[in-house]
Amino acid sequence: MNYLNINEEKLLPVVVELNTLLADYHVYYQKLRNFHWNILGQNFFDLHEKFEELYEDARTKIDEIAERILTLRYHPMSNLSAYLEASSIEESDSSLKDTEMVEETLKAHEVLLRQMTKVVEQADAVGDEGTIDLIGAYIRELEKMSWMLDAWNKTPAERLKETKEAVA
């Protein structure tokens, strides 16, 4: 029974990119746990809570990505060694300053967003609307969180571009 109405063999490139995203999310998740546990300084309360919010969101997405792979009738990657090998996100030191932790988180977001784009491109090529819908929502959420973290890491003197400057 082919409930997907997609040629299952054509889904392999989608699944490969989803497994890479799954690996990226696992390393990202652990990075956030590291930061949650090891944050120090005046921003402790804000960032301790924010990192927890982020890793809980990542944990949910890990499960949803794995379940999407299963829905596509493939096995999700499920070993830590495979995640570390497949992921483009690197582990982080535990002794970073708060602003460095936020920068490292934003770097991980760049990797995740790049990988999500690859997933959507592969899914679009085979008409996999379910994957496109799932990952499209992730992209929107992660872009918004990246904006917020970037704003947190800026000084009050830094400004955004004005519309008239962008047109000139």
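For the sequence shown, this note's numbering begins at 1414 and goes up steadily by one.
For each residue, glycine too, the CB sits at the ideal point set by N, CA and C.
Nothing here was measured: the structure is a model prediction, and the numbers come from that model.
Worksheet item: What's the C-alpha gap between T1568 and E1513?
Response: Rounded to whole angstroms, T1568 and E1513 show a C-alpha spacing of 14 angstroms.
Worksheet entry | Test item: CB-CB of F1448 and F1464 under 7 angstroms | Their beta carbons are under 7 angstroms apart, which means F1448 touches F1464 by this criterion.
Discussion item. Could you check whether the stretch 1498-1514 touches the stretch 1440-1447, counting it as contact only if at least three pairs of C-beta atoms, one from each stretch, sit closer than 8 angstroms?
Written reply: yes
Practice prompt. Please classify M1561: is it buried, with 16 or more other beta-carbons within 10 angstroms of its beta-carbon, or exposed?
Written response: M1561 counts as exposed, since fewer than 16 other C-beta atoms from the protein chains shown sit within 10 angstroms of its C-beta.
Item to complete: Provide the residue span of the alpha helix (DSSP H) that contains S1559, from first to last.
Response: E1542 to W1565
Fill in: Per-residue burial, Q1535 [other beta carbons within 10 Å of its own, 16 or more giving buried]
buried
Worksheet item: Counting Cβ pairs closer than 8 angstroms, one from the stretch 1547-1562 and one from the stretch 1511-1529, do we hit at least three?
Response: yes
Fill in: Cβ separation of V1539 and V1427, assumed to be a contact under 8 angstroms, to the nearest whole Å
6 angstroms
Worksheet item: So, helix, strand or coil for M1414, using DSSP?
Response: Low per-residue confidence applies at M1414: pLDDT is 44, beneath 50, and the placement is therefore not dependable enough to give any value.
Worksheet item: Distance, Cα to Cα, K1557 vs L1493?
Response: 29 angstroms
Practice prompt. State yes or no: is the C-beta of D1437 within less than 7 angstroms of the C-beta of S1508?
Written response: no
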